[in-house]
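What follows is a set of notes on a single structure, which appears directly below.
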Ligand code: MN3
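In this note's numbering, the protein residues as written are 854 to 1062.
Quick look at the structure:
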């Protein structure tokens, strides 16, 4: 039987300082992300999904109310791995690079318009959830989405390109209740456009998510 594993962070715990502290990443990765992995592994035996990949588990449980708890764990495992890779300690944030530069200008009108829409989604998501840049297919039309709790674009048949975790645990240690400041920092200092470009082209970029 396969077991879902907790991937290491793609950088050191203090690598995103001063924007996101080592203390936040210690809690967020080692406690929160790990808990989703452990709970999922507790639920898998006897479910018939033991040998499935994480995306397969998400798609197999999303429409089944009796498997809602499993969906929530699986989607949160996937979402967090994706989120870690959406940030980089090296030249992160600001204007996009690669194919996404022109594509964002084409589909949103300008980078500033994209930034405004993404920030609006991230700050207006009520309660816990996620803000996303999504494509309708690999290399396709871009749009902004927000999802509540564990829900994600994969479960809706969309391609996830970029995400920002807006659960309070993502920012409360560093920003307290100032979610807009956290989102500004994410957009201006942390976004890994190389990773977003790879996901937009349908490449695995070396990580499962
Ligand atoms: Mn989180």
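Don't be surprised by glycine CBs; every beta carbon is placed ideally from N, CA and C.
Item to complete: Would you check if the region 925-935 and the region 961-968 touch, i.e. whether three or more CB-CB distances between them fall below 8 Å?
Response: no
Item to complete: Determine the direct distance from the alpha carbon of residue 954 to that of residue 906, and round the result to whole angstroms.
Response: 32 Å
Item to complete: Please list, in chain order, all residues with a C-beta atom less than 6 Å from at least one heavy atom of the ligand MN3.
Response: 881, 885, 933, 1018, 1020, 1022, 1023
Worksheet entry | Same chain, Cβ closer than 7 Å to residue 863, neighbours up to 5 away in sequence not counted | 937, 938
Item to complete: Pick helix, strand or coil for residue 862, following the three-state DSSP scheme.
Response: coil
Practice prompt. Classify residue 979 as buried or exposed, calling it buried when 16 or more other Cβ atoms lie within 10 Å of its own Cβ.
Written response: exposed
Worksheet item: Would you call residue 1006 buried or exposed, if buried means 16 or more other Cβ atoms sit within 10 Å of its Cβ?
Response: buried
Worksheet item: Since residue 911 is in the alpha helix (DSSP H), which residue starts that stretch and which ends it?
Response: 907-914
Worksheet item: Cα separation between residue 921 and residue 1012?
Response: 22 Å
Fill in: With 16 other Cβ atoms within 10 Å as the buried cut-off, status of residue 890
buried
Fill in: First and last residue of the uninterrupted alpha helix (DSSP H) at residue 974
964-977
Discussion item. Which same chain residues end up closer than 8 Å to residue 893 when comparing Cβ atoms and leaving out the 5 residues on each side of it in sequence?
Written reply: 857, 910, 923, 926, 927, 930
Item to complete: Only counting runs of 3 or more residues, tell me where the beta strand (DSSP E) segments fall wholly within the region 987-1041, in order along the chain.
Response: 995-1001, 1012-1018
Discussion item. Going by C-alpha to C-alpha distance, which of 912, 895, 969, 883 sits closest to residue 933?
Written reply: 883
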